[in-house]
Amino acid sequence: MKKVLVIGYMHPKDDKRVHRTVKALSKVAHVFYQYLTDMPEKEYRDGNIHYLPIEWHENVNANAFVKLWKRRKLDKKIVDLIENSDYDILYMHHFLPSKPIEPFVYAKKKGKRIVYDVHEYHPENFLSNFSGIIGKLKTAIMRSIFERQIELSDKLVFVSYEQMEYSLRGRKKECLVVPNYASIVLSSTEKEKSIVYVGKITRALGEEEQVVKELIRQGFIFKIVGMDSKAFSNINHICTGFLPYEEMMKEISKASFSLVSFKTTGREDYKNDLWSLPHKFFDSLAASTPVIVSDRFVSLRRVVEELGVGVVINPKDVDGSVRKILEAYKEYDKLLADVERYKDRFVWDERKEKEFIEFVLG
Numbered sequence: 001m002k003k004v005l006v007i008g009y010m011h012p013k014d015d016k017r018v019h020r021t022v023k024a025l026s027k028v029a030h031v032f033y034q035y036l037t038d039m040p041e042k043e044y045r046d047g048n049i050h051y052l053p054i055e056w057h058e059n060v061n062a063n064a065f066v067k068l069w070k071r072r073k074l075d076k077k078i079v080d081l082i083e084n085s086d087y088d089i090l091y092m093h094h095f096l097p098s099k100p101i102e103p104f105v106y107a108k109k110k111g112k113r114i115v116y117d118v119h120e121y122h123p124e125n126f127l128s129n130f131s132g133i134i135g136k137l138k139t140a141i142m143r144s145i146f147e148r149q150i151e152l153s154d155k156l157v158f159v160s161y162e163q164m165e166y167s168l169r170g171r172k173k174e175c176l177v178v179p180n181y182a183s184i185v186l187s188s189t190e191k192e193k194s195i196v197y198v199g200k201i202t203r204a205l206g207e208e209e210q211v212v213k214e215l216i217r218q219g220f221i222f223k224i225v226g227m228d229s230k231a232f233s234n235i236n237h238i239c240t241g242f243l244p245y246e247e248m249m250k251e252i253s254k255a256s257f258s259l260v261s262f263k264t265t266g267r268e269d270y271k272n273d274l275w276s277l278p279h280k281f282f283d284s285l286a287a288s289t290p291v292i293v294s295d296r297f298v299s300l301r302r303v304v305e306e307l308g309v310g311v312v313i314n315p316k317d318v319d320g321s322v323r324k325i326l327e328a329y330k331e332y333d334k335l336l337a338d339v340e341r342y343k344d345r346f347v348w349d350e351r352k353e354k355e356f357i358e359f360v361l362g
């Protein structure tokens, strides 16, 4: 049985994407799983999974350079783990900011296979608040580091095809695109005239706010699922608060539409946003609810337009956006039929899991 060391870095134990890879690989391999916790935890083994918690506390409001300086201690712990563990495959879910190349170089020298799950696009993603000359310099440095990481990796896992193509720039590597699939499929016969906005981290609506307000005037209910309700005090809404996954899916399934919108930074060209395929997008479609997405989201827009599973809007054009959504609502049965036809594509199932396992271990 092969041994896989999964580095979750700062992801918590139950991170959906990371833990899914751990559970899948543990069906046919012995998995050592490093994750972060803010509570004292001892390592333990459950079946084929050997859990390796690292307790870590970080001041989220600290200066970026202060964070990076402190991360050296965390990164040293993880490098020591990589150097002192017995494994065949190193599966990286992130890079170590203060030692971005070291784990790759070490594993390569020892003849270990390296699988790099990129998650999102790193050169723009890391220290994303830097702008101007400093921002450009940071991006150039990170691009160089990223190129070296790609070179040292044996296999790469990406969230979207757009991200993969831009990252590789024509280079030939063994790759697999694994979006953030939903965990279950759900349908509801209780469709209400409502729009849900789902998320764990509170994000302001931004450009979509005026569109939502006009839709409320047109008779739609606006429902917040999971986020802090106070952030939406200027919009008439209903808030469910945090819900367990299955309850959240049931709530999504009742809605007519799910608004998938976010802006991680103030930049319109931020690749981490433009090429992402977030969990709430897949959860919404797996719950049989058409999506509303802004045309600036390249990867999301491509899926919606190709399959006809929602409405693509330009939120700067409020009247035009509202008109498109109302027209889609008039033809809702057809829209819903397309979602039902394709929704299995958005769920993590045995076929996708088998493909993933064979890619990593094969």
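Start counting the sequence shown at 1; every next residue gets the next number (the UniProt record's numbering).
All residues carry an ideal CB built from backbone N, CA and C; glycine is no exception.
Start-end ranges of the beta strand (DSSP E) lying completely within the UniProt domain "Glucosyltransferase 3-like C-terminal" (207-344), minimum 3 residues
221-225, 257-260, 291-294, 310-313
Consult DSSP for L127 and reduce its assignment to one of helix, strand or coil.
In the structure shown, L127 sits in coil (DSSP, three-state: anything other than H, G, I, E or B).
Nonlocal neighbours in the same chain, by C-beta distance under 8 Å from D52, ignoring five residues either side
Rather than Asp, the amino acid found at residue 52 in this sequence is Leu. If we look at L52 and ignore the five residues flanking it on each side, its Cβ neighbours are F32, Y33, Q34, Y35, E43, L81.
Mind checking Q163: buried by the 16 CB within 10 Å criterion, or exposed?
buried
Give the DSSP bridge partners of T37, in chain order.
E55
With respect to the beta strand (DSSP E) encompassing F158, which residues constitute its N-terminal and C-terminal limits?
155-158
What are the start and end residues of the alpha helix (DSSP H) that includes H119?
It is not in any alpha helix (DSSP H) - H119 carries neither H nor E in the DSSP assignment.
Using the Cβ count rule (16 or more neighbours within 10 Å means buried), how would you classify Y181?
buried
How big is the Cα-Cα spacing for Y245 and N84?
37 Å
Once the 5 residues before and after L215 are set aside, which same chain residues still bring their CB inside 7 Å of it?
I195, V322, I325
Comparing C-alpha positions only, which one of M249, Y106, K254, Y116 sits nearest to I184?
M249
Which residue comes first and which comes last in the beta strand (DSSP E) that contains K8?
Looking at the sequence itself, residue 8 is Gly, so the reference to Lys does not match. Its beta strand (DSSP E) spans residues 3-12.
Roughly how many angstroms separate the alpha carbons of K73 and V360, rounded to a whole number?
Computed Cα separation, rounded: 29 Å.
With 16 other CB atoms within 10 Å as the buried threshold, where does T189 fall?
exposed
So, using beta-carbon positions, are P103 and I78 closer together than 9 Å?
yes
Does the count of Cβ pairs from the segment 126-146 and the segment 295-309 closer than 8 Å reach three?
no
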